[in-house]
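The next block holds one structure in the form of structure tokens; read it before the comments.
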Amino acid sequence: MMQNVFTKTLERITKETGLVGGVAIVFKNGEIIFAAPYGYEDRENNIPMTLNASFDIASCSKAWTVMLAAQAVDEGLISWDEPVQHAMKDFDMLDHYAGAHLSIRDMASHRSGLPCHDFMRNKVGGSRRNLMLKCANLDASAGFRETYQYNNHMYIVLGYLMEVLRGGESWESQIKRNIADKLGVETIRFRGLPGNMDNLERALPYVSDGYAAHRCSYSDSPLSGPCGGIKVNVKDLSKWVMAMARGGVCESGERLCSAAQYAAMTSPVIPSAEEDMDSLRGCCYGLGWHTGVYNGRDIVFHSGGLEGFNTQVGFIKGENSGYAMIFNTGTTPASVIARTMALDMLTTGAPKASYDDMIDAWLKKRDDMIATIKNGVEGEDVTIENAPQLIGTYEHPAYETFDVENRGGRLWFSYGSFETPLSFAKADGMICGYTGRLDGLVPDHIELWPDGNDLRLRTSDSELKMLFRKIK
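Here it is as structure tokens:
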């Protein structure tokens, strides 16, 4: 039954959104009970998907980074609650109390007080150390340890901390040596390293605009590896999930970390936003994993999303059962619906006959979002005639600079790899730019708010209006 529902559901999603392909593995009591590819690795050349195809697993990489931290705790290099400033002497935050007390537990559970700040990586790079130093000037949107706010930047800093603690050994080397090699994961590769996908079967990345999918580029910054830079095929990814389902124990019997550190990783730390699963209750975030109760069973899980890929991993605590699935098309509901199918199968014995209600709900959100975008940003063009004073370069101590430029009479916003023409919003005196892309169901956009001679920038990362000073 699972195969029929899986195929039928994904075929409808393909028709509605352009989904290209994906793979899924479900295991129960340590045995694989479902494994299936769908669609294409390469749509243009009609290359069918197989279980050997490698994908970016995006934020499902976070738990691997936390496993390195768990091992560091076992080794006595640091504790979960020790201030990371003890090891990174020049680390700080705008809130100096937070900077002096921030711990791995705070970083890994998203309770630092910082919002996402992903937009910064459209331009700012250099090294993981440089990104760590940027924390001293990143605006917070909540108090320290006050609430859950998903934050990739702190995971980059956590990866850098692992490098500091282990004498400069790269995060990539540690992941391979301390985790992948122990699991027998042979296809592991890392984002942004030249030639590292040679001789591997690959699923190409696609992105949907909500209606149809087109080829897109790979995310290629190696600096962000600790928050989302692992590449692997689903068979090898399932080795990791199965080891976690066994309590952090490899198939060989070797432990990846102690039972105490495994418990720390998979126990709730802070309430988090509810995931898109009707039967999920009590959603929290642990350390690199979400936790919750699904149909009365304790589950541990995580999702990952990039422009071209969506990933889901999870397991039922104490039952040696779980799932791993990856899709090579961003901005479709395929991964969350396939996750729900797997959990229904594991907790009730079978998936539902249809998941059309979940598809319909996603399509309504898509249509509502598109309507909101059109209503909000399709105002008058910002031009050299009606806003010449905006042209210039603006600076933020962490984000560095963006430019407002005249291109043929139309004003454009330019920040590293992010560029968009500007329009006046229909209300509020806001100036906005929209690339035409959706990230999930969030528009890839910016908003500018004049503040004297300066501009405040709001991105799709958060509600912050960050002040950029005009410098020329």
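If you want my numbering, it's the 1-based position in the sequence shown plus 1051.
Quick reminder that beta carbons are idealized off the backbone N, C-alpha and C, glycines included.
Anticipated Cβ contact below 8 Å, residue i with residue j, distance rounded
i     : j     : result
R1196 : D1132 : Not really, about 11 Å apart at Cβ, beyond 8 Å.
F1050 : M1293 : Any answer about residue 1050 is impossible in this case: the structure gives the chain only from 1052 up to 1523.
A1315 : E1092 : Between E1092 and A1315 the Cβ distance is about 38 Å, and since that is not below 8 Å, they are no contact.
V1433 : S1474 : 6 Å
T1116 : G1339 : 7 Å
T1060 : I1388 : 6 Å
6 Å CB neighbourhood of residue i in its chain, flanking five on each side removed
i     : result
N1080 : N1371
A1120 : I1155
K1282 : S1105, D1107, R1240
K1286 : L1102
R1332 : V1344
Cβ pair residue i, residue j closer than 8 Å
i     : j     : result
S1259 : G1069 : yes
S1270 : R1242 : yes
I1230 : L1128 : no
L1288 : I1350 : no
N1379 : P1256 : yes
M1409 : T1391 : yes
M1144 : C1111 : no
Y1336 : V1320 : yes
S1386 : T1423 : no
A1159 : P1134 : no
M1053 : P1384 : no
T1046 : G1484 : Outside the displayed span of the chain (1052 to 1523) sits residue 1046, for which this structure offers no information.
L1499 : I1522 : no
Y1445 : R1509 : no
Local conformation of residue i per DSSP, three classes
i     : result
S1386 : helix
I1321 : strand
Y1485 : strand
D1232 : helix
N1284 : strand
A1340 : A quick correction: the sequence has Trp, not Ala, at residue 1340. Reduced to three states, the DSSP call for W1340 is coil.
H1137 : helix
P1028 : With the chain represented from 1052 up to 1523, any question about residue 1028 goes unanswered, as that position is not in the structure.
A1087 : strand
Y1262 : coil
S1267 : Residue 1267 is actually Cys in this sequence, not Ser. It is coil, neither helix nor strand.
L1518 : strand
M1409 : helix
W1115 : helix
S1110 : helix
Y1199 : coil
S1289 : helix
C1301 : coil
T1444 : strand
C1335 : strand
M1376 : strand
P1099 : strand
R1217 : coil
I1226 : helix
A1075 : strand
Alpha carbon of residue i to alpha carbon of residue j, nearest angstrom
i     : j     : result
F1170 : W1291 : 30 Å
I1155 : S1130 : 8 Å
G1280 : E1431 : 40 Å
L1209 : K1140 : 14 Å
R1063 : T1101 : 20 Å
M1517 : L1357 : 25 Å
G1373 : L1462 : 51 Å
A1109 : G1355 : 5 Å
H1496 : Y1262 : 19 Å
I1239 : D1411 : 36 Å
G1480 : E1451 : 25 Å
M1376 : L1244 : 24 Å
H1204 : R1172 : 9 Å
I1442 : L1506 : 11 Å
G1369 : A1087 : 25 Å
G1276 : L1189 : 20 Å
G1304 : E1325 : 35 Å
L1216 : E1126 : 10 Å
Other residues of its chain near residue i: CB distance less than 7 Å, five sequence neighbours each side excluded
i     : result
G1176 : S1272, L1274
G1465 : The sequence given here has Ser at residue 1465, not Gly. Hits under 7 Å: F1453, D1454, E1456.
G1467 : N1173, K1174
S1323 : Y1199, C1334, C1335, Y1336, H1341
M1183 : M1139, F1142, V1208, Y1211
L1414 : E1067
Cutoff 8 Å; reference residue i; Cβ partners in own chain excluding five residues on either side
i     : result
G1347 : T1398
Q1524 : The first residue shown for the chain is 1052 and the last is 1523, placing residue 1524 beyond what the model contains.
S1192 : G1164, L1165, P1166, Q1200, S1513, E1514, L1515
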